[in-house]
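Okay, so here's the structure we're looking at.
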Amino acid sequence: MGTYPSRLETASVLSVIIPVYNEAQTIGRILQQVVGAVPETPKQIVIVDDCSTDGTSEWLRRHLAHSDGIWRGMSLNDKGDLILSADGPQNQGEFWFTVLFHEHNRGKGAALRTGFSYVSGDVIVIQDADLEYDPGDWAQMLPLINERKVADVVYGSRFYGRPHRSLYFHHYIGNRLISFFLTFSMTRCCPTSGSVIKCSRVQC
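Here is the structure:
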């Protein structure tokens, strides 16, 4: 096993939980985006494969089964193979992987619970593997927790700030109703509950 930076040795470690199910076509690209987001921030990348059947599990085992250690660079070749490097730009934060596998399909919630139990960072972000959400948005979210310290939890929204894909009407209404009840119960505005990047401080 590699030697990972402790929370005492690192200013702020971001733990990225990626629940994965049948994402063979996108897993490599999302990992590239995750590594490239907020590049100066050290990251623990926790991948939980929920018993995929499309080759995702095999891809993860092939490329990350022996990935113990600290990395600074990552790329994909023309065949989609993952290439890790211990060298990288001085401003590139270190990253390392925790890869977990469910023996049976248990659902996204179970995958997240598994991931939470392995978190070692100061802040957690949940990132889907299907490229729907852009890790580049973390640059606007993380400073609210780490630098400005005005929030313990930050929710993104697909409805504000940029174009988004259209939703089925019943999905839209359901989302708005849930968001309304969350806003009412938390006395804080929650514009969209089921379709956001979620970023939160780790509570010990």
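Numbering-wise, the numbering used here comes out as the position in the sequence shown, counting from 1, plus 44.
Ideal Cβ placement from N, Cα and C applies to all residues, glycine included.
Compute the distance between the beta-carbons of residue i and residue j, then report whether it is under 8 angstroms.
i	j	result
GLN171	ILE62	yes
LEU108	VAL78	no
GLU138	ILE114	yes
LEU128	SER111	yes
ALA173	VAL64	yes
SER56	VAL169	no
GLY132	ARG116	yes
Got a sec, what are the start and stop residues for the beta strand (DSSP E) residue i sits in?
i	result
TRP140	139–145
VAL79	That residue, VAL79, is in no beta strand (DSSP E); its alpha helix (DSSP H) goes 71–80.
LEU58	58–64
When you compare the CB of residue i with every CB in chain B, is at least one pair closer than 8 angstroms?
i	result
PHE145	The question asks about chain B, but that chain is absent: this structure has only one protein chain.
Write down the C-beta distance between residue i and residue j rounded to the nearest angstrom, noting that I regard them as a contact closer than 8 angstroms.
i	j	result
LYS87	LEU120	18 angstroms between Cβ atoms; not a contact.
ALA68	ASP94	About 13 angstroms; that fails the 8 angstroms criterion.
ILE189	ASP196	7 angstroms
THR70	LEU156	Going by Cβ atoms, the distance from THR70 to LEU156 rounds to 18 angstroms, so no, they are not a contact pair.
What are the start and end residues of the alpha helix (DSSP H) that includes residue i?
i	result
ILE127	Segment 126–129 is the beta strand (DSSP E) holding ILE127; no alpha helix (DSSP H) there.
ILE189	182–190
GLY153	152–160
LEU104	100–108
Just grab the DSSP bridge partners of residue i for me.
i	result
SER119	ILE127
LYS193	LYS193 is not bridged to any residue.
Examine the Cβ distances between the stretch 148–161 and the stretch 177–196 and report whether three or more of them are shorter than 8 angstroms.
no
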